[in-house]
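See below for the structure under consideration.
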Amino acid sequence: MSESTIKPPASILFIFGGSGDLNQRKLTPALYNLFIDNWMPEKFAVIGLGRTAYSDDKFRTHLLEGIQEFSRRKGEEKAWGDFSQHVQYLQMDAGDPEAYHTMTEVVKQYEAEWGVHATVIFYLAVAPQLVPDIATKLGGLKWCKDTQTVRIVVEKPFGHDLKSARELNNLLNNIFTEDQIYRIDHYLGKETVQNILALRFANALFEPIWNRNYIDHIQITAAETVGVEDRGGYYEQSGALRDMVQNHILQLLCMIAMEAPVSFDANEIRNKKTDVLNAIRPISREQVHEYAVRGQYNSGWMKGNKVKAYREEKNVDSKSPVETFAAAKFFIDNWRWQGVPIYVRTGKFMHQKTTIISIEFKQAPHYAFPQEAAETWRPNRLTISIQPEMDIRLRFQAKRPGQSMQLNPVDMIFSYKDAYDGHEPEAYETLLLDVMEGNATQFMRADQVEAGWKVVMPIIEAWEARPPVDFPNYAPDSWGPEDAEALIARDGHNWVSLPVKS
22 MSESTIKPPA
32 SILFIFGGSG
42 DLNQRKLTPA
52 LYNLFIDNWM
62 PEKFAVIGLG
72 RTAYSDDKFR
82 THLLEGIQEF
92 SRRKGEEKAW
102 GDFSQHVQYL
112 QMDAGDPEAY
122 HTMTEVVKQY
132 EAEWGVHATV
142 IFYLAVAPQL
152 VPDIATKLGG
162 LKWCKDTQTV
172 RIVVEKPFGH
182 DLKSARELNN
192 LLNNIFTEDQ
202 IYRIDHYLGK
212 ETVQNILALR
222 FANALFEPIW
232 NRNYIDHIQI
242 TAAETVGVED
252 RGGYYEQSGA
262 LRDMVQNHIL
272 QLLCMIAMEA
282 PVSFDANEIR
292 NKKTDVLNAI
302 RPISREQVHE
312 YAVRGQYNSG
322 WMKGNKVKAY
332 REEKNVDSKS
342 PVETFAAAKF
352 FIDNWRWQGV
362 PIYVRTGKFM
372 HQKTTIISIE
382 FKQAPHYAFP
392 QEAAETWRPN
402 RLTISIQPEM
412 DIRLRFQAKR
422 PGQSMQLNPV
432 DMIFSYKDAY
442 DGHEPEAYET
452 LLLDVMEGNA
462 TQFMRADQVE
472 AGWKVVMPII
482 EAWEARPPVD
492 FPNYAPDSWG
502 PEDAEALIAR
512 DGHNWVSLPV
522 KS
């Protein structure tokens, strides 16, 4: 951090679900790393809220255990000691209206001590069904009407379908203004995702060919090598389409497909993303079988370990129709992308943990080269790897050494790890800093959320109306069901995966 960088204003962060898993694994480690990197405000307080009976010291010990296990930096004695002095715990029942007035007293106490009017952030790290009640009770506090300094952060999922998403948005917007609401999707905080805008709009090299005249098709893969683990109850209400495609994957699609913004104003960026979602060609329920594929993992072997079928997991129905894999083909009907297919897929217990975006360009004419030169010819391809490796690679043709004209595809690779010293900040670090600064660029607006649901609702409705007859239909440590290969193979393409580094 440079000395000229302006820190966020004095901030008080209330974390509902403060004793829970998300805070221990992600939120406190993110705030701790921001503190070490000198990004936190000069005056700040982090207050965990929960029903667990913790003293401040026991709560700090609980959080330190999370730092030691999950943070990119461990809890060094001095750094943690300095940071933890800003952390306290408030035992309260979020269902008790009277308990919320305690927060008023806490805010008054800090503001009197600091001598400034602080930014107050409510982070709802709680189960989705608790969000409406907590938001409603917060609305009973008069000072929550301060649209400049009071903010609420809501974790996904944002509704269960289009109807519930609209209801949640209406409820939140009746209590807070849209500028106060930060709907968080941690994928948007990842360094490589943010770098997509720089890649596209800060380089004259790419934007002129970023259209249907040069691009043949686009692929987005978000694959995991784990099953549902202990989230069976949640996954039974969600499934891969809701859990990954409706938010994470569609947001990546927006970054790739959006038009150039005229500024980096938050609403300008979000307007451009919403335009993409609104331009995605609707899929009728009758067409869903042509454009979407679902799957569910069976029992089998995963990297040498015996694993259960999804239907054998804890809190999962033994005849569950819920998909653990989803793939789809979309089209964006606008001047830039008309006719360019966009293939997406996501799944559990896949062969490789990876999130990649692949942009494949149209074939260059190779009639001028001898026949043997064209035998290994491959189209140019730009691949953006988001995890686990963060890199960008461009595939092009190059002549092999020797007397004959033989060409081979080669990769030009930009690796974050090799190019920059130190560790990249975690996604939650970036997003929490944005909330404190009041920068909503990487957060979803109400219309974005609803537009995303409109895209996937025909698929959801068709799948719910016609239960699968072939589940489970793919083995662990594979790339999903055969129908997913057929979905893309019908158009003459193959799914792209990157080689695993040894």
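Start counting the sequence shown at 22; every next residue gets the next number (my numbering).
No residue lacks a Cβ here, since even glycine has one placed at the ideal position from N, Cα and C.
Cα-Cα separation, residue i to residue j
i: Phe35; j: Asp237; result: 48 Å
i: Asp154; j: Phe435; result: 47 Å
i: Lys47; j: Met433; result: 34 Å
i: Phe346; j: Thr367; result: 6 Å
i: Met265; j: Leu298; result: 16 Å
i: Arg414; j: Phe351; result: 24 Å
i: Val147; j: Gln45; result: 13 Å
i: His107; j: His122; result: 21 Å
i: Glu13; j: His444; result: Since the first residue shown for the chain is 22 and the last is 523, residue 13 is missing from the structure and cannot be characterised.
i: Arg306; j: Gly180; result: 21 Å
i: Leu112; j: Leu84; result: Residue identity check: residue 112 is Gln in the sequence provided, not Leu. Straight-line Cα distance between these residues: approximately 15 Å.
i: Ser25; j: Thr125; result: Its pLDDT being 43, under 50, Ser25 is placed unreliably in this model, and the value from its coordinates should be taken loosely. If you take the alpha carbons of Ser25 and Thr125, they lie about 34 Å apart.
i: Thr397; j: Asn429; result: 6 Å
i: Glu311; j: Ser76; result: 57 Å
i: Pro118; j: Asp251; result: 32 Å
i: Thr12; j: Gln392; result: An answer regarding residue 12 cannot be provided, because it is not within the stretch 22 to 523 covered by the chain.
i: Arg402; j: Gln169; result: 45 Å
i: Gly325; j: Leu519; result: 21 Å
i: Asn515; j: Ala139; result: 53 Å
i: Ser259; j: Met276; result: 24 Å
i: Arg233; j: Asn336; result: 46 Å
i: Leu183; j: Leu218; result: 28 Å
i: Ala100; j: Ile205; result: 28 Å
i: Lys211; j: Asn460; result: 16 Å
i: Pro149; j: Tyr449; result: 19 Å
i: Gly38; j: Leu151; result: 10 Å
i: Ile301; j: Leu274; result: 10 Å
i: Asn54; j: Lys374; result: 25 Å
i: Asp354; j: Glu134; result: 56 Å
i: Trp484; j: Tyr256; result: 16 Å
Same chain, Cβ closer than 7 Å to residue i, neighbours up to 5 away in sequence not counted
i: Ala156; result: Ile173, Leu192, Leu193, Ile196
i: Val456; result: Ile142, Arg172, Val174, Tyr203
i: Gln469; result: Arg291, Lys294, Thr295, Leu298
i: Asp504; result: Val314
i: Glu132; result: His138, Ala139
i: Val201; result: The displayed chain sequence assigns Gln, not Val, to residue 201. Only Thr168, Val171, Arg172, Ile173 meet the Cβ criterion.
i: Ala287; result: Asn460, Ala461, Thr462
i: Gly102; result: none
Contact set for residue i: own chain, Cβ-Cβ below 8 Å, skip 5 residues either direction
i: Lys235; result: Inspection of the sequence shows that residue 235 is occupied by Tyr rather than by Lys. So the list reads Phe382, Lys383, once near-sequence residues are dropped.
i: Glu199; result: Arg466, Ala467
i: Gly41; result: Gly71, Ala146, Val147
i: Lys329; result: Gly248, Ser320
i: Gly513; result: none
Which listed residue (the options) has its alpha carbon closest to that of residue i
i: Gly87; options: Leu52, Lys64, Ala74; result: Leu52
i: Gln359; options: Glu307, Ile239, Asp286; result: Ile239
i: Val431; options: Trp101, Glu90, Arg416; result: Arg416
i: Val314; options: Glu307, Val249, Pro502, Ser32; result: Pro502
i: Ile230; options: Arg81, Trp484, Arg357, Leu454; result: Arg357
i: Glu482; options: Pro282, Lys95, Arg263; result: Arg263
i: Gly161; options: Ala120, Gly136, Glu176; result: Ala120
i: Asp412; options: Lys420, Phe492, Asp167, Gln215; result: Gln215
i: Glu334; options: Gly254, Gly473, Ala385; result: Gly254
i: Thr82; options: Glu458, Ile380, Leu159, Ser105; result: Ser105
i: Asn224; options: Ser185, Tyr208, Ala281, Ala244; result: Ala281
Integer-rounded CB distance, given that residue j should sit under 8 Å from residue i
i: Gln109; j: Ile68; result: 5 Å
i: Thr213; j: Ile405; result: 6 Å
i: Leu271; j: Val476; result: 6 Å
i: Pro303; j: Pro479; result: 7 Å
i: Lys64; j: Ala31; result: 4 Å
i: Gln427; j: Lys420; result: 7 Å
i: Gln317; j: Phe492; result: 4 Å
i: Gln267; j: Trp500; result: In fact, because the Cβ distance is near 22 Å, the residues do not count as touching under 8 Å.
i: Glu471; j: Arg93; result: With a Cβ gap of about 35 Å, Glu471 and Arg93 do not count as contacting.
Contact set for residue i: own chain, Cβ-Cβ below 6 Å, skip 5 residues either direction
i: Tyr364; result: Gln240, Lys350, Ile509
i: Asp498; result: Met323, His372
i: Ala496; result: Asn319, Gly321
i: Arg332; result: Ser339, Ser341
i: Lys95; result: Gln89
i: Leu189; result: Gly180
i: Cys165; result: Leu159, Val171
In chain order, each alpha helix (DSSP H) run of at least 4 residues that lies wholly inside the stretch 195–245: 212–222
Counting only runs of 4+ residues fully inside the stretch 91–159, write out the alpha helix (DSSP H) ranges in chain order. 98–105, 121–135, 152–159
Contiguous beta strand (DSSP E) assignments of at least 3 residues, all confined to the stretch 406–446: 412–420, 428–436
Ignoring anything shorter than 3 residues, give me the beta strand (DSSP E) runs that lie fully in the stretch 300–333, in order along the chain. 313–316, 321–323, 326–328
Completely contained beta strand (DSSP E) runs for the stretch 347–379, where each covers 3 or more residues: Restricted to the stretch 347–379, the beta strand (DSSP E) segments that are unbroken, complete and at least 3 residues in length are 363–368, listed in chain order.
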